[in-house]
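Asks:
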Amino acid sequence: MSTPTIQWYPGHIAKAEQQLKRHLDKVDLVIEVRDARIPLATGHPHLNRWLKGKQHLLVINRRDMVTAAAREAWEAWFKAQGQRTVWCDAKAGTGVKQVQQAAIRAGDQLNERRRNRGMRPRPVRALTLGFPNVGKSALINRLVRQKVVASARRAGVTRTLRWVRLGQDLDLLDAPGVLPPRLDDQQAALRLALCDDIGQAAYDGELVAQAFLQLLLGAAAQAAAGVTIPLLQERYGIPLSGETADPALWLEAAAARHTSGETARMAQRLLDDFRKSALGSIALELPA
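Numbers 1 to 288, taken from my numbering, label the letters of the sequence shown in order.
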């Protein structure tokens with residue numbers, strides 16, 4: 001089946017990108033946060049343009065939502081690209097200390113250069129950057145050990161840029177989630193929709209749920225993906241095989257059983273279950 005069309009670029013994100021460009025000259029380090037389930041789809045195509053020689057720390061959040069094999073495969077892939085990664089679960093706090101240590105190490109290098117030029121050391125200024133809903137605000141709240149920025153598991157909660165002081169060593173700038181102006185890669189856009197990293201107004205939930213089922217069928221052969229097709233039958237009582245192997249027919253059958261025949265409600269239920277890991281730890285992307 002073809003990928004459903006997804007396009008979303010609300011005004012507040014365009015405004016955020018303009019704000020971002022104005023602040024970039026003030027920062028030394030970019031802490032980029034991506035979603036472990038889709039580490040490529042949550043990489044911004046303009047990132048290299050924004051970095052312009054600044055230090056880059058890649059933080060991959062929601063490590064708990066993919067298999068250990070998927071994490072290892074991605075770590076090896078990023079290492080081969082010359083990119084070190086720090087994996088964390090900002091919600092639980094796992095790996096957050098490593099993020100802080102890596103940021104402070106980057107600051108030590110910056111201040112060493114300042115000292116060599118006869119300048120006084122200062123806290124490193126770090127910008128947290130990423131797509132909406134990848135967990136930037138949750139990470140900042142963990143880093144400062146209190147709720148200083150609003151966070152929620154939905155896209156577009158952070159709307160303005162603000163600085164947060166983290167001890168003596170680090171100043172963090174929390175930026176709103178920034179999407180590219182156009183979602184040209186519809187496969188990547190689908191993955192963003194599935195992981196709730198773009199607003200629901202951007203897509204048809206039923207078509208996205210059907211595409212998700214198709215994606216599961218395709219990924220089931222890769223052990224690292226963590227897809228367990230029998231778990232769908234166990235959870236919903238409808239096998240994704242035989243007569244109901246077609247995603248549209250599966251959705252209709254599941255809706256007849258669980259949501260009084262309302263396929264839109266069933267589609268939402270399926271997507272919600274994936275997003276809270278009720279279908280297991282599933283990596284929607286693996287290195288080629």
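Even for Gly, the Cβ is constructed at its ideal location relative to N, Cα and C.
Note down, one range per segment and in chain order, each alpha helix (DSSP H) of at least 4 residues found wholly within the region 81-163.
Replies: With a minimum length of 4 residues, the continuous alpha helix (DSSP H) runs that stay inside the region 81-163 are 96-116, 136-144.
Asks: To the nearest angstrom, how far is the alpha carbon of residue 285 from that of residue 39?
Replies: Stepping through the sequence shown from its first residue, residue 285 is reached at position 285. Stepping through the sequence shown from its first residue, residue 39 is reached at position 39. Roughly 7 Å separates the two Cα atoms.
Asks: Following the continuous alpha helix (DSSP H) through residue 234, name the residue where it begins and the one where it ends.
Replies: Residue numbering aside, residue 234 sits at position 234 when the sequence shown is read from its first letter. Looking at the DSSP string, the run of the alpha helix (DSSP H) that includes residue 234 is 229-236.
Asks: What do you get for residue 137, buried or exposed, if any count of 16 or more other CB atoms within 10 angstroms of its CB means buried?
Replies: Here residue 137 corresponds to residue number 137 of the sequence shown, with the count starting at 1. It counts as buried.
Asks: CB residue 172 to CB residue 216, shorter than 8 Å?
Replies: In the sequence shown, residue 172 corresponds to position 172, counting from 1. In the sequence shown, residue 216 corresponds to position 216, counting from 1. Going by C-beta atoms, residue 172 is not nearer than 8 Å to residue 216.
Asks: How would you label residue 206, buried or exposed, when you count the other beta carbons within 10 angstroms and need 16 or more for buried?
Replies: On the sequence shown, residue 206 is found 206 positions in, with the first residue counted as 1. With 16 or more other Cβ atoms within 10 Å, it is buried.
Asks: Please check the pair residue 59 and residue 33, which I expect to be a contact at CB under 8 Å, by giving their CB distance rounded to whole angstroms.
Replies: By one-based count along the sequence shown, residue 59 stands at place 59. By one-based count along the sequence shown, residue 33 stands at place 33. About 5 Å; that satisfies the 8 Å criterion.
Asks: Count the other CB atoms, across all protein chains shown, that sit within 10 Å of the CB of residue 210; report buried if there are 16 or more and exposed otherwise.
Replies: The sequence position of residue 210 within the sequence shown is 210, counting from 1. When all chains shown are included, residue 210 counts as buried.
Asks: Can you list, in chain order, the residues of its chain whose CB lies under 7 Å from that of residue 237, leaving out five sequence neighbours each side?
Replies: Reading the sequence shown from its first residue, position 237 is the one you call residue 237. The residues are 257.
Asks: Excluding five sequence neighbours on each side, which residues of the same chain lie with their C-beta closer than 7 Å to the C-beta of residue 95?
Replies: Here residue 95 refers to the residue found at position 95 when the sequence shown is read from its first residue. Taken in chain order, the residues that qualify are 63, 86, 87, 88, 89.
Asks: Kindly indicate the opening and closing residues of the beta strand (DSSP E) around residue 33.
Replies: Taking the sequence shown and counting its residues from 1, one reaches residue 33 at position 33. Taken as a continuous stretch (DSSP letters only), the beta strand (DSSP E) holding residue 33 covers 29-35.
Asks: Under 8 Å by Cβ, that's how I've got residue 103 and residue 124 pegged, so tell me the actual separation to the nearest angstrom.
Replies: Here residue 103 corresponds to residue number 103 of the sequence shown, with the count starting at 1. Here residue 124 corresponds to residue number 124 of the sequence shown, with the count starting at 1. Indeed they touch by this definition, with Cβ atoms about 7 Å apart.
Asks: I'd like the list of long-range same chain contacts for residue 55, defined as Cβ closer than 8 Å, with 5 residues on each side in sequence excluded.
Replies: Numbered from 1 along the sequence shown, position 55 holds the residue referred to as residue 55. Answer for residue 55: 28, 29, 30, 106, 109, 110, listed in chain order.
Asks: Restricting to Cα atoms, I'd like to know which of 260, 270, 69 is closest to residue 36.
Replies: Walking along the sequence shown from the start, residue 36 turns up at place 36. Ranking the options by Cα distance to residue 36, first place goes to 69.
Asks: If I follow the unbroken beta strand (DSSP E) through residue 56, where does it start and stop?
Replies: As a position in the sequence shown, residue 56 is number 56, starting the count at 1. Its beta strand (DSSP E) spans residues 55-61.
Asks: Spatial neighbours of residue 273 within its chain, please: C-beta separation below 8 Å, excluding the five flanking residues on both sides.
Replies: For the purposes of this step, residue 273 is taken as residue 273 along the sequence shown, with counting starting at 1. Excluding positions up to five away in sequence, the list reads 235, 279.
Asks: Can you tell me whether residue 168 is buried or exposed, with buried defined as 16 or more other CB within 10 angstroms of its CB?
Replies: Counting from 1 along the sequence shown, the entry for residue 168 is found at position 168. Result: exposed.
Asks: What alpha helix (DSSP H) runs, 4 residues minimum, are completely inside the region 221-286?
Replies: Here the runs fully enclosed are 229-236, 247-258, 263-275.
Asks: Buried or exposed for residue 100, please, with buried defined as at least 16 other CB atoms from any protein chain shown within 10 angstroms of its CB.
Replies: Your numbering for residue 100 matches position 100 in the sequence shown. So residue 100 ends up on the buried side.
Asks: Out of curiosity, what's the CA-to-CA distance linking residue 6 and residue 229?
Replies: Translated into the one-based positions of the sequence shown, residue 6 becomes position 6. Translated into the one-based positions of the sequence shown, residue 229 becomes position 229. When rounded, the distance between both Cα atoms is 26 Å.
Asks: Let me check understanding here. Comparing Cα to Cα, which of 179, 254, 239, 128 lies closest to residue 303?
Replies: The structure shown does not extend to residue 303, since the chain is modelled only from 1 through 288, so no value can be given for it.
Asks: Contact defined as beta carbons within less than 8 Å: I believe residue 19 pairs with residue 161. What is the distance between those atoms, to the nearest angstrom?
Replies: The count along the sequence shown starts at 1 and reaches residue 19 at position 19. The count along the sequence shown starts at 1 and reaches residue 161 at position 161. About 5 Å; that satisfies the 8 Å criterion.
Asks: What would DSSP say about residue 179, mapped onto helix, strand or coil?
Replies: Numbered from 1 along the sequence shown, position 179 holds the residue referred to as residue 179. DSSP places residue 179 in coil when its eight states are reduced to three.
Asks: So what does residue 49 bridge to, in DSSP terms?
Replies: Within the sequence shown, numbered from 1, the residue matching residue 49 stands at position 49. Per DSSP, none; premise fails for residue 49.
Asks: Between the Cα of residue 281 and the Cα atoms of 66, 25, 45, which residue gives the shortest distance?
Replies: To locate residue 281, count along the sequence shown from 1; it is residue 281. Ranking the options by Cα distance to residue 281, first place goes to 66.
Asks: What does residue 165 pair with, by DSSP beta-bridge criteria?
Replies: Translated into positions along the sequence shown, residue 165 becomes position 165. Residue 165 pairs with 171.
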